[in-house]
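Residues in the sequence shown are numbered from 1 upward in steps of one, following UniProt numbering. The beta carbon of each residue, even a glycine, is placed where N, CA and C say it ideally should be. This structure is a prediction, so every number in the text was calculated from the model and none was measured. Heads up: the structure comes next, in structure tokens.
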Amino acid sequence: MPKNSKVVKRELDDEVIESVKDLLSNEDSSDDAFKKSELMVDDQEEKDVDVEEGSDVEDERPAWNSKLQYILAQVGFSVGLGNVWRFPYLCQKNGGGAYLVPYLILLLIIGIPLFFLELAVGQRIRRGSIGVWNYISPKLGGIGFASCVVCFFVALYYNVIIGWSLFYFSQSFQHPLPWDQCPLVKNTSHTFVEPECEKSSATTYYWYREALNISNSLSESGGLNWKMTICLLAAWVMVGLAMIKGIQSSGKIMYFSSLFPYVVLLCFLIRGLLLNGAVDGIRHMFTPKLEIMLEPKVWREAATQVFFALGLGFGGVIAFSSYNKRDNNCHFDAVLVSFINFFTSVLATLVVFAVLGFKANIINEKCVIQNSEKILKLLKIGNLSQDIIPHHINFSSITAEDYNLVYDIIQKVKEEEFASLGLKSCQIEDELDKAVQGTGLAFIAFTEAMTHFPASPFWSVMFFLMLVNLGLGSMFGTIEGIITPIVDTFKIRKEILTVICCLVAFFIGLIFVQRSGNYFVTMFDDYSATLPLLIVVILENIAVTRIYGVDKFMEDLKDMLGFSPSQYYYYMWKYVSPLVLLCLLVASIVQMGLSPPGYNAWIEDMATEEFHSYPSWGMIVCISLMVLAILPVPIVFMVRRCNLIDDSSGSLASVSYKRGRIIKEPVNLEGDNTSLIHGKSPSEVPSPNFGKNIYRKQTGSPTLDTAPNGRYGIGYLMADMPDMPESDL
Numbered sequence: 001m002p003k004n005s006k007v008v009k010r011e012l013d014d015e016v017i018e019s020v021k022d023l024l025s026n027e028d029s030s031d032d033a034f035k036k037s038e039l040m041v042d043d044q045e046e047k048d049v050d051v052e053e054g055s056d057v058e059d060e061r062p063a064w065n066s067k068l069q070y071i072l073a074q075v076g077f078s079v080g081l082g083n084v085w086r087f088p089y090l091c092q093k094n095g096g097g098a099y100l101v102p103y104l105i106l107l108l109i110i111g112i113p114l115f116f117l118e119l120a121v122g123q124r125i126r127r128g129s130i131g132v133w134n135y136i137s138p139k140l141g142g143i144g145f146a147s148c149v150v151c152f153f154v155a156l157y158y159n160v161i162i163g164w165s166l167f168y169f170s171q172s173f174q175h176p177l178p179w180d181q182c183p184l185v186k187n188t189s190h191t192f193v194e195p196e197c198e199k200s201s202a203t204t205y206y207w208y209r210e211a212l213n214i215s216n217s218l219s220e221s222g223g224l225n226w227k228m229t230i231c232l233l234a235a236w237v238m239v240g241l242a243m244i245k246g247i248q249s250s251g252k253i254m255y256f257s258s259l260f261p262y263v264v265l266l267c268f269l270i271r272g273l274l275l276n277g278a279v280d281g282i283r284h285m286f287t288p289k290l291e292i293m294l295e296p297k298v299w300r301e302a303a304t305q306v307f308f309a310l311g312l313g314f315g316g317v318i319a320f321s322s323y324n325k326r327d328n329n330c331h332f333d334a335v336l337v338s339f340i341n342f343f344t345s346v347l348a349t350l351v352v353f354a355v356l357g358f359k360a361n362i363i364n365e366k367c368v369i370q371n372s373e374k375i376l377k378l379l380k381i382g383n384l385s386q387d388i389i390p391h392h393i394n395f396s397s398i399t400a401e402d403y404n405l406v407y408d409i410i411q412k413v414k415e416e417e418f419a420s421l422g423l424k425s426c427q428i429e430d431e432l433d434k435a436v437q438g439t440g441l442a443f444i445a446f447t448e449a450m451t452h453f454p455a456s457p458f459w460s461v462m463f464f465l466m467l468v469n470l471g472l473g474s475m476f477g478t479i480e481g482i483i484t485p486i487v488d489t490f491k492i493r494k495e496i497l498t499v500i501c502c503l504v505a506f507f508i509g510l511i512f513v514q515r516s517g518n519y520f521v522t523m524f525d526d527y528s529a530t531l532p533l534l535i536v537v538i539l540e541n542i543a544v545t546r547i548y549g550v551d552k553f554m555e556d557l558k559d560m561l562g563f564s565p566s567q568y569y570y571y572m573w574k575y576v577s578p579l580v581l582l583c584l585l586v587a588s589i590v591q592m593g594l595s596p597p598g599y600n601a602w603i604e605d606m607a608t609e610e611f612h613s614y615p616s617w618g619m620i621v622c623i624s625l626m627v628l629a630i631l632p633v634p635i636v637f638m639v640r641r642c643n644l645i646d647d648s649s650g651s652l653a654s655v656s657y658k659r660g661r662i663i664k665e666p667v668n669l670e671g672d673n674t675s676l677i678h679g680k681s682p683s684e685v686p687s688p689n690f691g692k693n694i695y696r697k698q699t700g701s702p703t704l705d706t707a708p709n710g711r712y713g714i715g716y717l718m719a720d721m722p723d724m725p726e727s728d729l
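Printed below as a string of structure tokens:
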């Protein structure tokens, strides 16, 4: 070998060593870069960032600013107008204090378990109602669409009630209140009281004639009521502005809209307890009539009230909970919100019957005075003998107890002639037994009572501002039940969708501000939600317990909450709740079949309500409302069952739900050179070339699969979530 051959060999060896070192250093830097890319991906997943394929913009899911804000949102949605004007009526009608027993039992059987179920699926999957039920069972994906339709129907007429409250609120800034006295009518010869008002009452006249200017029947449109049209527009503007940014805007308003009603209710309770007759009203309210508890109707109405009080099936509960962290204790939330709702209903009942007791006391005093004058006339003309009247009775300042004593004596002495005397029994209980609910309670009975308050305009302003806030809290949840699932599924800008939704709802809602609009509100209230929502919640229960599997769902809850929920929920979800819901559905259908479909029309000439049956076109509308609300369920089932739509089409509606994440189905992955990491192209990403797709090592995977780059065993980046086991949502 030549002398310099060793030198040449050494140089060659050095070059080889240098090349290997370079290769190894490149390999290490590549590994480091790849590990960094993994960390970047993990960081994204922890933030729950949803990235559309081919998009340069990351759409972070909003989150509640605090737990208090979230609780107030759920309370605002569940506590609505029904707590103020429906629950007290049912309590009075169905046995007073005894009604609370079936209500509490059904709250524990169907209320809290189903509320907990909706909170859990929304929080785990972090999507609106459409995404949640598409994930759990694609064939039952129509449940989410049905919830959206029902929410839209309810929002149409619910905002009209807010408009009515705004009108009364605007009219309360005057003294005396405009519904305090009947108006006077002047003609050429003399002045007289408006006949329609004289036959009814000042508050009744103001409601039907001044506020609604109501027609005599559903078929008489009568044109638009311009005052209510403006109020409806104002209501939709308020809702639109509050919802324009989603929970970022509506969440802040919740601090006022959810808490202010409690301030007003407490003020009314304190003021009401100081009024004459308030204790009589509350005692009458909570005197239990245990025999009524045995009637099936009481349990049916209690179950219906529990069902609607918590907003089950609307999608608002799921939408709100989807903005929570996955480890939030939604079981605590379910119990807390349910009992806040219940105690709010009890508080509202105390307030209503304290005020109604005061009103009944005033009416009873008028009754005593009028009938005492009749007795004096009968004594003067000799129809009654002075000897039968007790000596201590002074008709100039007679009390209700003394009058009832005289009344009983005359009834015994003049047994045969008593009916012809025209005397009435003035019992405060008789007045309290006149059950009033809904608009009749808020806009007639309660407004009449407030006219007798000192500083009545102040209390009227507070009351109707409370109604506006109660309505807005429920409207936020209802609109969120429409907006969130559509935005999640079709990736539409929330601001644009909110504006479009409010505009469309306003123009459709013009049918409710005609002179006959109140009859349409009754129609929608009776037929657009009751049966469809019951069917929706039954299908929700079936989807989770039968199709997804209640055992798997319980494991998911354990993983999410950090503890195993009570087995009580297992048996409620699997056996008891579905059975109770089915019984409630059958009872509601039977009740609907036995009750003639119709409405109470206000007859102007008679100044009274009269029951009218719906015309044939009205019946078609009623049936259409129920069918349209539930129609998405069979349509989506048949589409998925028969594969009528190609899921790989890449359209907006083509969505994959994998382990709690939602991504668009790609049309062709091979031709996509866009990196999913921070929206960079492969050349900009500091990692080796992994081919056309980005992969990441499966967490906890025992084996290494072959990947296009031959390095690591990895799965799809967005299809895997390290914090969610296989059985998880």
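Please name the residue, chosen from the options, that lies closest to residue i on a Cα-to-Cα basis.
i: L108; options: N213, L310 and T484; result: L310
i: C330; options: G517, A587, Q123 and M619; result: Q123
i: F464; options: F173, G95 and G96; result: F173
i: T304; options: L582, E416 and M606; result: L582
i: A234; options: L166, P634, D551 and G277; result: L166
i: S276; options: P261, N364 and C622; result: As written in the sequence, residue 276 is Asn, which differs from the Ser given in the question. Nearest C-alpha to N276: N364.
i: F453; options: K359, I381, N469 and I492; result: K359
i: E373; options: V406, V239, N518 and M450; result: V406
i: E118; options: W85, C231, N65 and D333; result: D333
i: F476; options: V132, A155, L585 and S456; result: A155
i: F611; options: I620, I340, I244 and P597; result: P597
i: T399; options: V536, I635, K414 and N371; result: N371
i: S588; options: N341, C148 and K297; result: K297
Classify residue i: buried if its beta carbon has 16 or more other beta carbons within 10 angstroms, exposed otherwise.
i: A505; result: buried
i: L223; result: It is Gly, not Leu, that sits at residue 223 in the sequence shown. The residue is exposed, with fewer than 16 neighbouring Cβ atoms inside 10 Å.
i: R300; result: buried
i: residue 750; result: Residue numbering for the chain in the displayed model covers 1 to 729; residue 750 lies beyond these limits and cannot be assessed.
i: H284; result: buried
i: A419; result: exposed
i: S474; result: buried
i: G593; result: exposed
i: Q567; result: exposed
i: L503; result: exposed
i: W617; result: exposed
i: P615; result: exposed
i: T287; result: exposed
Below 6 Å CB to CB, which residues in the same chain sit around residue i once its five sequence neighbours on both sides are set aside?
i: N26; result: Because the pLDDT of N26 is 47, which lies under 50, any placement of that residue in the model is unreliable, and the question is left without a value.
i: I247; result: P62 and Y323
i: L347; result: L265
i: I623; result: none
i: G80; result: L470 and S474
i: L212; result: N518
By DSSP's criteria, residue i is part of a beta bridge. Which residues make up the other side?
i: K186; result: T191
i: T608; result: I603
i: Q514; result: L224
i: S613; result: G598
Output needed for residue i: all residues of its chain with C-beta closer than 7 Å, excluding positions within five of it in sequence on either side, in chain order.
i: C182; result: V193, E194, C197, E198, A202 and Y205
i: D48; result: Low confidence applies to D48: its pLDDT is 41, below 50, so where it sits in the model is not reliable, and the reading given next is rough at best. Within the same chain, D48 has close Cβ partners R61 and R126.
i: L497; result: I483, I486 and V487
i: D180; result: A202 and T451
i: L652; result: Low per-residue confidence applies at L652: pLDDT is 36, beneath 50, and the placement is therefore not dependable, though the value from the model is reported in the following sentence. Here the set comprises F490 and K491.
Give me, in chain order, the residues of the same chain whose beta-carbon lies closer than 8 Å to that of residue i; leave out the 5 immediate sequence neighbours on both sides.
i: residue 747; result: No answer is possible for residue 747: it lies beyond the span of the chain, which begins at 1 and ends at 729.
i: C151; result: F314, G315, G316, T478, I479, G481 and I482
i: L539; result: L140, I143 and V633
i: T349; result: F87, P88, C91 and M285
i: L561; result: D327, N329, C330 and H331
Does the ligand MG have even one heavy atom less than 7 Å from the beta-carbon of residue i?
i: S345; result: Judged by which ligands are present, the structure shown has none, so any question about the ligand MG falls away.
Query raised in the report: Given 8 Å as the limit, is there contact between the stretch 208-226 and the stretch 599-619, that is, 3 or more CB pairs closer than that?
Result: Under the 8 Å Cβ criterion, the stretch 208-226 counts as touching the stretch 599-619, having at least three qualifying pairs.
Query raised in the report: On the three-pair Cβ rule with 8 Å, is the stretch 131-149 touching the stretch 534-543?
Result: yes
Query raised in the report: Is the stretch 351-362 touching the stretch 273-290, taking contact as three or more C-beta pairs under 8 Å?
Result: yes
Requested in this report: Would you check if there are 3 or more beta carbon pairs closer than 8 Å linking the stretch 78-89 to the stretch 520-534?
Outcome: no
Query raised in the report: Would you call the stretch 252-262 and the stretch 67-75 in contact, with 3 or more CB pairs under 8 Å?
Result: yes
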